[in-house]
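Protein chains: 2
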Amino acid sequence: MMEYYQNQDKLLVAVDSIIFGFDEGQHELKLLILKRRFEPAKGGWSLMGGFVNKNESVDDAAKRIVFQLTGLQDVYMEQLFTFGDVTRDPGGRIVSVAYYSLIKINDYDRELVKEHGASWIPVSELPDLIFDHSVMVEKAIRKLRIRARTQPIGFELLPEKFTIPQLQGLYEAIYQVPFDKRNFRRKILSMGLLEKLDEKEKESSRKGAFYYRFNKRKYKELLKRGFNFEL
Amino acid sequence: MMEYYQNQDKLLVAVDSIIFGFDEGQHELKLLILKRRFEPAKGGWSLMGGFVNKNESVDDAAKRIVFQLTGLQDVYMEQLFTFGDVTRDPGGRIVSVAYYSLIKINDYDRELVKEHGASWIPVSELPDLIFDHSVMVEKAIRKLRIRARTQPIGFELLPEKFTIPQLQGLYEAIYQVPFDKRNFRRKILSMGLLEKLDEKEKESSRKGAFYYRFNKRKYKELLKRGFNFEL
DNA sequence: CCAAAAGTGTTCATCGTACACCCATGT
DNA sequence: ACATGGGTGTACGATGAACACTTTTGG
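Chains G and X, in that order, give the protein sequences. Numbering-wise, the first sequence is residues 0 to 230 according to numbering that gives the first Met the number 0. Numbering-wise, the second sequence is residues 0 to 230 according to numbering that gives the first Met the number 0.
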């Protein structure tokens, strides 16, 4: 590639990843954070991060970081914000592009997570994080809430087949408030985006709850016609 | 500053600025763009941009860019998105953080704008822009619309005193749809954020329209009590 | 037969939307 | 007196919120 733009400062560009997971059993939204193994701030709780390489897009770097920690590819991931204060990292001048991603909490590679010294922590019990990472997390939660109301991204945190009560539990975990189950069911079904299956989930109740499946095709169709999802 | 993090790639980091202005007379939202004076893509229509210096925050760089072109400080400005594809700029590997800002279209420094070869173009008549700048602009318009409905940022594009019809014209320019004036007036006044003044604006009609002023103090108070603005 | 979660309808208040006429004034 | 934009009220339908009982079935 030709190089124009001489004599300009070059900076370290990093990616930090806010990885949300949902724990069906415990009705909680969790975050994957790790103990830092190097200076500065060695031993502090931190988000998973890494530097963007010269021949790699920032998006790809973010995917790589999540893959390194969880072994997962094709995860829902969205750019959050870029943090560019001069002194945000005492180890050097680093511009950090933060991403958040959603993973099904039972899918990840436990070995990789253990190797990196990472743990799942409920978002309501997070310790202080290094540098500006706590700010990143707060911002991510706010954005996640808006997105979950506005687009059906919450579904990414559940298995392909899920029950209405599970879905409701997920939304309650994201918003930290209880919903009325009649209203919730009516609203979500009235959009016509869920297919009822014949099968029942029988773990969590005697009666059993019917499984549903999200109809992605139909969702895309409706989008084209100006539909907008709103919980 | 100690330098940890050796042997990592450093990249050029740029800021690109999407500068919106509102033309009261013409009921149009305009964008400030310029003809590029250097390679690559010399002569193409471009956003105002520049590189982030080592000892300058990314936010400060964005403010600097807007100041260089318009002579304005303390402008409403918000980070839009970071564009990080490897080949987005054929002149080199550049990560660009895009910002958008709103200015009162009669405030800017005409000399500076002329020096830079910049022009105000209605958003509905934009030419093709270089690189990924058109994508940036589309994204900015989408975000501006959401923000304007959700936060009273539109007010930044009007003088301190404005009339209800002016405000409505602004929103119509942002959304490119007409609103019912009775409903608009009712809704905006029902929030209790506008103070009616005794003075009338007499340019645009025989009868004259009362001036109003946005009450920032009251807005912040309401925000604390969980109020949320929604047009 | 009982505990535990799934599932189901109705009422009411609120809000958004559609809609048409009078007012004030400068020329 | 008339043209121009400013200003006002009401009726109707849609939507969101509150609320309690029946069903199923494993133990």
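Here a beta-carbon is modelled for each residue, glycine too, at the ideal position from N, C-alpha and C. Here the structure is a predicted model, which is why all the values come from computation and not from measurement.
Runs of beta strand (DSSP E) with 3 or more residues, each lying fully within the segment 0 to 25 of chain X, are found at 9 to 22, listed in chain order. The three-state secondary structure of X:D58, taken from DSSP, is helix.
Pairing G:V57 with G:V96 gives a Cβ-Cβ distance under 8 Å.
In this structure, the alpha-carbon of G:T69 lies about 16 Å from that of G:S45.
For X:A13, the CB contacts under 6 Å within the same chain, skipping 5 residues up- and downstream, are G48, F50, I93 and S95 in chain order.
Within the model, the alpha-carbon separation for G:K206 versus G:I140 is close to 34 Å. For G:P164, the enclosing alpha helix (DSSP H) starts and ends at I163 to Y174.
In the structure shown, G:V136 falls within a helical segment according to DSSP collapsed to helix, strand and coil. Around X:R36, the same chain offers G116 as residues with beta carbons nearer than 8 Å, after the five sequence neighbours per side are excluded. Taking 8 Å as the cut-off, the beta carbon of X:L30 is found closer than this to the beta carbon of X:I18. In summary, the residues of the segment 62 to 93 of chain X whose CB is separated from some CB of chain G by less than 9 Å are Q78, F80, T81, F82, G83, D84, V85, T86, R87, D88, P89, G90, G91, R92 and I93, in the order they occur in the chain. Under a 10 Å Cβ-count criterion, X:P126 is classified as exposed, with fewer than 16 other Cβ atoms of the shown protein chains found around its own Cβ.
Inter-residue distance for G:I187 and G:S100 is about 23 Å (C-alpha atoms, whole angstroms). One alpha carbon belongs to G:Y218, the other to G:D197, and they sit about 21 Å apart. Along the segment 2 to 26 of chain G, going in chain order, the ones with a CB nearer than 8 Å to a CB of chain X are E2, Y3, Y4, Q7, D8, K9, L10, L11 and V12. G:N214 and G:E194 do touch by the CB rule: their CB atoms are close to 5 Å apart, below 8 Å.
By the neighbour-count criterion, in which a residue is buried when 16 or more other Cβ atoms sit within 10 angstroms of its Cβ, G:E114 is exposed.
Secondary structure at X:K223: helix, using DSSP grouped into helix, strand and coil.
In the structure shown, the three-state DSSP call for X:I104 is coil.
X:L79 is positioned such that its CB atom lies closer than 8 Å to that of X:K142.
Going by C-alpha positions, X:K223 is about 22 Å away from G:S123. Counting other Cβ atoms within 10 Å of its Cβ, X:T149 stays below 16 and is therefore classed as exposed.
In this structure, the straight-line span from the alpha carbon of X:P177 to that of X:F154 is close to 18 Å.
Across the set X:G91, X:G168 and X:G191, the C-alpha of X:G168 shows the shortest separation from the C-alpha of X:K180.
For X:L79, the secondary structure class from DSSP, reduced to helix, strand or coil, is strand. The beta-carbon distance between X:L192 and X:P158, rounded to whole angstroms, is 17 Å. This is too long to meet the 8 Å contact definition. DSSP places X:V122 in the helix class (H, G or I) of the three-state scheme.
With a 10 Å radius around the Cβ and a threshold of 16 neighbouring Cβ atoms, G:F82 comes out buried.
Close CB contacts of G:E171 within its chain, under the 8 Å cut and outside five residues either way in sequence, are with H26, P177 and F178 (chain order). Within chain G, the C-beta atoms nearer than 8 Å to that of X:F50 come from Y4, Q7 and D8, in chain order.
With the criterion set as a beta carbon lying under 8 Å from some beta carbon of chain X, the members of the segment 32 to 56 of chain G are F37, E38, P39, F50, V51, N52, K53, N54, E55 and S56, in sequence order.
For a Cβ distance threshold of 9 Å, nothing in chain X lies close to G:V122: the least Cβ distance comes to about 21 Å. The residues I17, L30, L46, V122, L125 and L128, in chain order, have a CB closer than 8 Å to that of X:V136 in the same chain once the five nearest residues on each side in sequence are set aside.
Put simply, the backbone Cα of X:D8 is about 53 Å away from that of X:F183. Taking G:I163 as the centre and dropping the five residues before and after it, the same chain places the C-beta of R184 closer than 6 Å to its C-beta, in chain order. For X:E194, no alpha helix (DSSP H) segment is defined; the enclosing uninterrupted segment is the beta strand (DSSP E) at L193 to E200.
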